[in-house]
Amino acid sequence: MKTKILPFIILFLMQVHVMAQSVSGYVYDAAGDFPLEGAFVYLDGTTYSASTDSEGAFTINVGQQLSAALVVKYIGYQTAIIENPFSYQSKIKITLKEDTIKMDELVISGETAFSRKEMLTVFREQFLGKTKAGNSCKILNEDDIRLYYEVATNTLKAESDKPIRIQNKRLKYNVEFDLADFQVHYTKKTLSPFSMQTSFYAGTSFFKDVSEKENIKKKRDEVYRGSLLHFMRTIASNRWTEEHYGLFVESMPVNPADYFKVTDTLDYKKVTCLKTTVKVIERHVGVRMTGMTSREAEKALQAPKERKIRFAVLQDQVNQSFFELNADHFYIGENGLFWPISSIIFGGYFGELKVGDMLPADYTYTAD
Numbered sequence: 000m001k002t003k004i005l006p007f008i009i010l011f012l013m014q015v016h017v018m019a020q021s022v023s024g025y026v027y028d029a030a031g032d033f034p035l036e037g038a039f040v041y042l043d044g045t046t047y048s049a050s051t052d053s054e055g056a057f058t059i060n061v062g063q064q065l066s067a068a069l070v071v072k073y074i075g076y077q078t079a080i081i082e083n084p085f086s087y088q089s090k091i092k093i094t095l096k097e098d099t100i101k102m103d104e105l106v107i108s109g110e111t112a113f114s115r116k117e118m119l120t121v122f123r124e125q126f127l128g129k130t131k132a133g134n135s136c137k138i139l140n141e142d143d144i145r146l147y148y149e150v151a152t153n154t155l156k157a158e159s160d161k162p163i164r165i166q167n168k169r170l171k172y173n174v175e176f177d178l179a180d181f182q183v184h185y186t187k188k189t190l191s192p193f194s195m196q197t198s199f200y201a202g203t204s205f206f207k208d209v210s211e212k213e214n215i216k217k218k219r220d221e222v223y224r225g226s227l228l229h230f231m232r233t234i235a236s237n238r239w240t241e242e243h244y245g246l247f248v249e250s251m252p253v254n255p256a257d258y259f260k261v262t263d264t265l266d267y268k269k270v271t272c273l274k275t276t277v278k279v280i281e282r283h284v285g286v287r288m289t290g291m292t293s294r295e296a297e298k299a300l301q302a303p304k305e306r307k308i309r310f311a312v313l314q315d316q317v318n319q320s321f322f323e324l325n326a327d328h329f330y331i332g333e334n335g336l337f338w339p340i341s342s343i344i345f346g347g348y349f350g351e352l353k354v355g356d357m358l359p360a361d362y363t364y365t366a367d
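Just so you know, we're using numbering that gives the first Met the number 0 here: the sequence shown kicks off at 0 and counts up by one.
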């Protein structure tokens, strides 16, 4: 996974007390130290946002403390991303640097192995998804997306300096997605889904509810049930049975408590994996072992081998997913967001869910 280098951000603490359920601060120009009016400030993955006033001030009030980064954007300036904004006990002064890179100066390396139309088709599928919600989405500014195929690594990549504006017709959200990374890896020089190895995207997002008076809750709840957001909230609350989730290892049902320990850490949960490997006996057919007696060879072949656990998840006996851990622990916020993102690899149903099936982190599900 590539690490995006965020622009340099200077934070000054102002001696003003703020409530735990709000984030307040000022946005200033780094060079001239003057306020930036009209800067767009939002909590990543939510519907919460604000604009700065003539003094560069902003306040975002939320119903609960969220484990979401604060994103600050202003035309002509580098975007700032503030991790754990609720940890500040006073207002934040954020200074932005001017963006010196111009669009016509950008150069994309890579061979033109496929047409833009072909690459754009794959981008839509792997970014928006192919579900009902994903297929209902429309990207309103596709011309801002730069696509190229890196032949040396058989990788399709995408970049955009402007937020990708998405209209989700099924869930009635308008989404702005700041793309930090997008890569689709193949086993050979192709765009065929049968040769696809991995698909990955990362970035920050802001949701605007455009449902008005339309009753959209049923469709949103359908997407929520079985979603990654739902799954993470289930792990954090230890409500596996109540939320109809089953955990499996080597095709056998297991007790989640035997594999995951959930503890309170400040305003979020720490999830520690108690077992990361499993012993298995591999079957070998027609294998010859030289330099050993038949008994020694048989014993060697039947010796248990340790391998990384691939956890399988079944929700409502329908949606089957799997995940592997790249670390022995990760964290889940009160709203269901988890980090670090690189700590878990998902596949199956979870892997099919893209931006088109994303719900805001502040989305509240209530059972009928």
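C-beta atoms are modelled at their ideal positions from N, C-alpha and C, and glycine is treated no differently.
Bear in mind that the values here come from a model prediction, so they are computed numbers and not experimental data.
Secondary structure of residue i, DSSP reduced to three states
i: Asn318; result: strand
i: Gly245; result: strand
i: Ser114; result: coil
i: Glu158; result: strand
i: Phe345; result: strand
i: Gly133; result: helix
i: Phe310; result: strand
i: Tyr267; result: strand
i: Gly355; result: helix
i: Ser86; result: helix
i: Gln77; result: coil
i: Leu69; result: strand
Top-ranked residue by Cα proximity to residue i, from the options
i: Gly227; options: Lys131, Glu149, Gln319, Phe259; result: For the sequence presented, residue 227 should be read as Leu rather than Gly. Among Lys131, Glu149, Gln319, Phe259, the Cα nearest to that of Leu227 belongs to Gln319.
i: Gln77; options: Lys269, Gly44, Lys188, Ala38; result: Ala38
i: Thr262; options: Glu242, Tyr330, Pro255; result: Tyr330
i: Val397; options: Glu305, Thr186, Gly347, Asn325; result: Here the chain comprises residues numbered 0 to 367, so residue 397 is not present and cannot be evaluated.
i: Leu178; options: Lys129, Ala201, Leu190; result: Ala201
i: Phe122; options: Val183, Thr94, Ala235; result: Val183
i: Lys92; options: Ala29, Ser342, Glu323; result: Ala29
i: Val127; options: Ile163, Leu146, Leu95, Asp143; result: Checking the sequence, you will find Leu at residue 127 rather than Val. The shortest Cα separation from Leu127 among Ile163, Leu146, Leu95, Asp143 belongs to Ile163.
i: Glu141; options: Ser204, Val150, Arg115; result: Arg115
Close Cβ partners of residue i (< 6 Å) along its chain, the five nearest in sequence each way excluded
i: Val253; result: Leu246
i: Ala56; result: Tyr25
i: Glu54; result: Pro34
i: Thr271; result: Lys260, His328
Bridge partners - residue i, DSSP secondary structure assignment
i: His184; result: Thr154, Thr197
i: Phe259; result: Cys272
i: Ile59; result: Val22
i: Ser204; result: Phe176
i: Glu54; result: Glu54 is not bridged to any residue.
i: Glu124; result: BP columns for Glu124 are empty, so no partner.
Buried or exposed by the 16-neighbour rule on C-beta atoms within 10 Å, applied to residue i
i: Pro359; result: buried
i: Asn153; result: buried
i: Gln20; result: exposed
i: Pro339; result: exposed
i: Thr235; result: The question names Thr, yet the displayed sequence has Ala at residue 235. Looking at its Cβ environment, which holds 16 or more other Cβ atoms inside 10 Å, Ala235 is buried.
Same chain, Cβ closer than 7 Å to residue i, five either side skipped, listed in chain order
i: Ser66; result: Tyr267, Gly332, Glu333, Asn334, Leu336
i: Gln166; result: Cys136, Lys137, Leu139, Asn173
Residues near residue i in its chain [Cβ-Cβ closer than 8 Å; skip 5 each side]
i: Glu104; result: Per-residue confidence for Glu104 stands at a pLDDT of 48, beneath the threshold of 50, marking its modelled position as unreliable; the derived number appears in the next sentence. Excluding sequence neighbours, Glu104 sits near nothing in its chain.
i: Asn325; result: Ser341, Ser342, Ile343, Ile344
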